[in-house]
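A.B. asks: Start counting at 1 in the sequence shown, then tack on 110, and there's your number in the working numbering. Every residue gets a Cβ at the ideal spot worked out from N, C-alpha and C, and that includes glycine. Got a structure for you, questions after.
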Amino acid sequence: MKFEESKYFKLLRNSKIEFSFGNFFFLDKFVISEVHEGVHFSWENIERVISAIADHYGNDFKIAFLSNKINSYSIEPQHWIHFYNQYDFIFASALVPYSELSFQNSSMEKKIAKNPIKICETLDQAIEWILGLKEFN
């Protein structure tokens, strides 16, 4: 389910940023990504998203990240290693895979990550997990 089709779209204040490679929703303390079908999510794309996140949240921010994997796309696993070595603004992530391949990729991301990652069955479950994190209370 796309974020815009969920009950949370109207319940939680958000700003949508549309890139050629996907849509990103900036909420109070977390970001939801929905990468477009067939995209190769390159390091350049990652840097564009990081720049937009920094512009939105300001200096010294900490956020959670929700990857709503509604489409099939590719990313090089070493990009995650590079990301975690270079940046530390994500304190937790939730992943919502919709296919077996996406689930396998999510499991690999979970092994690489330096922060807590929860693989969720639904978008609602992922949002509820993020909202329940101690950093929000």
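Taking just the CA atoms, how far does residue 116 sit from residue 188?
C.D. replies: Distance between the alpha carbons of residue 188 and residue 116 is about 32 angstroms.
A.B. asks: On the CB-based measure, 16 or more other CB atoms within 10 Å of its CB, does residue 238 come out buried or exposed?
C.D. replies: Exposed, because fewer than 16 other Cβ atoms sit within 10 Å of the Cβ of residue 238.
A.B. asks: Please say whether residue 173 and residue 140 have beta carbons closer to each other than 9 angstroms?
C.D. replies: Cβ distance < 9 angstroms, so residue 140 and residue 173 count as in contact.
A.B. asks: Report, in whole angstroms, the separation of the C-beta atoms of residue 225 and residue 191, which I expect to be a contact under 8 angstroms.
C.D. replies: Going by Cβ atoms, the distance from residue 225 to residue 191 rounds to 13 angstroms, so no, they are not a contact pair.
A.B. asks: By how many angstroms is the C-alpha of residue 145 removed from the C-alpha of residue 231?
C.D. replies: If you take the alpha carbons of residue 231 and residue 145, they lie about 18 angstroms apart.
A.B. asks: Quick check on the DSSP output: the alpha helix (DSSP H) that includes residue 236 runs from which residue to which?
C.D. replies: That run of the alpha helix (DSSP H) goes 233-241.
A.B. asks: Determine, using beta carbons only, whether residue 163 and residue 136 come nearer to each other than 9 angstroms.
C.D. replies: A contact, by the Cβ cut-off of 9 angstroms.
A.B. asks: In angstroms, rounded to a whole number, what distance separates the CA positions of residue 159 and residue 127?
C.D. replies: Cα-Cα distance, rounded: 9 angstroms.
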